[in-house]
Amino acid sequence: ALARFPALAHSAQRERASAMAGVVKRFLPLMDRVLVQKVKSEAKTATGILLPETAQPAPNWAKVLAVGPGRRTKEGELLPMSVKIGDTVVVPEYGGMTLKFDNEDYHVYRDEDFMGIVQEE
797 ALARFPALAH SAQRERASAM AGVVKRFLPL MDRVLVQKVK SEAKTATGIL
847 LPETAQPAPN WAKVLAVGPG RRTKEGELLP MSVKIGDTVV VPEYGGMTLK
897 FDNEDYHVYR DEDFMGIVQE E
């Protein structure tokens with residue numbers, strides 16, 4: 797429905813971006829933890845058929861919103877994180893911790909839990 801009204805779609809994107817910015821300000825990951833929000837799957841097929849939420853595949857990609865400073869070794873050295881804010885990562889189907897802010901679901905994973913980073917084309 798929002799595709800027919802670009803102004804509404806743009807407004808919804810702004811509201812969502814504003815909500816994400818609020819979450820990032822309120823939640824700071826510790827150590828090697830990373831705050832992500834799963835990418836929503838498409839609600840319709842390539843041919844234009846609308847899918848109910850139950851028929852949509854669960855997304856396994858997520859956008860990185862906040863990153864902790866990293867884990868320390870026994871010697872006290874800081875190990876660098878493998879992801880940065882803005883990366884799109886592949887997350888495991890199970891694991892992590894779910895947080896709910898402003899009726900949106902966010903997830904916290906350890907840096908080592910990510911399967912990989914999705915490169916933009």
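Each residue of the sequence shown is one higher than the last, beginning at 797 in my numbering.
Where a beta carbon is used, it is the ideal one built from N, C-alpha and C, also for glycine.
Outcome for residue i when other beta-carbon atoms lying within 10 angstroms are tallied against a minimum of 16
{"i": "V830", "result": "buried"}
{"i": "M911", "result": "exposed"}
{"i": "L824", "result": "exposed"}
{"i": "L875", "result": "exposed"}
{"i": "V886", "result": "exposed"}
{"i": "G892", "result": "buried"}
{"i": "M827", "result": "exposed"}
Residues bridged to residue i [DSSP beta-bridge criterion]
{"i": "R901", "result": "Checking the displayed sequence, the identity of residue 901 turns out to be Asp instead of Arg. According to DSSP, which records beta bridges pairwise, D901 is partnered with K896."}
{"i": "I881", "result": "According to DSSP, which records beta bridges pairwise, I881 is partnered with nothing at all."}
{"i": "G912", "result": "V886"}
{"i": "L831", "result": "A862 and V904"}
{"i": "R868", "result": "L874"}
Given residue i as reference, the closest of the options once Cα atoms are compared
{"i": "E855", "options": "Y890, E916 and E908", "result": "One detail in the question is off: residue 855 reads as Pro in this sequence, not Glu. Cα-wise, what sits closest to P855 is Y890."}
{"i": "V835", "options": "R822, H903, E908 and D828", "result": "H903"}
{"i": "K821", "options": "M827, W857, L861 and D828", "result": "L861"}
{"i": "E916", "options": "Q833, P888 and W857", "result": "W857"}
Are there three or more Cβ pairs, one per stretch, closer than 8 angstroms when the stretch 867 to 883 is compared with the stretch 892 to 903? no
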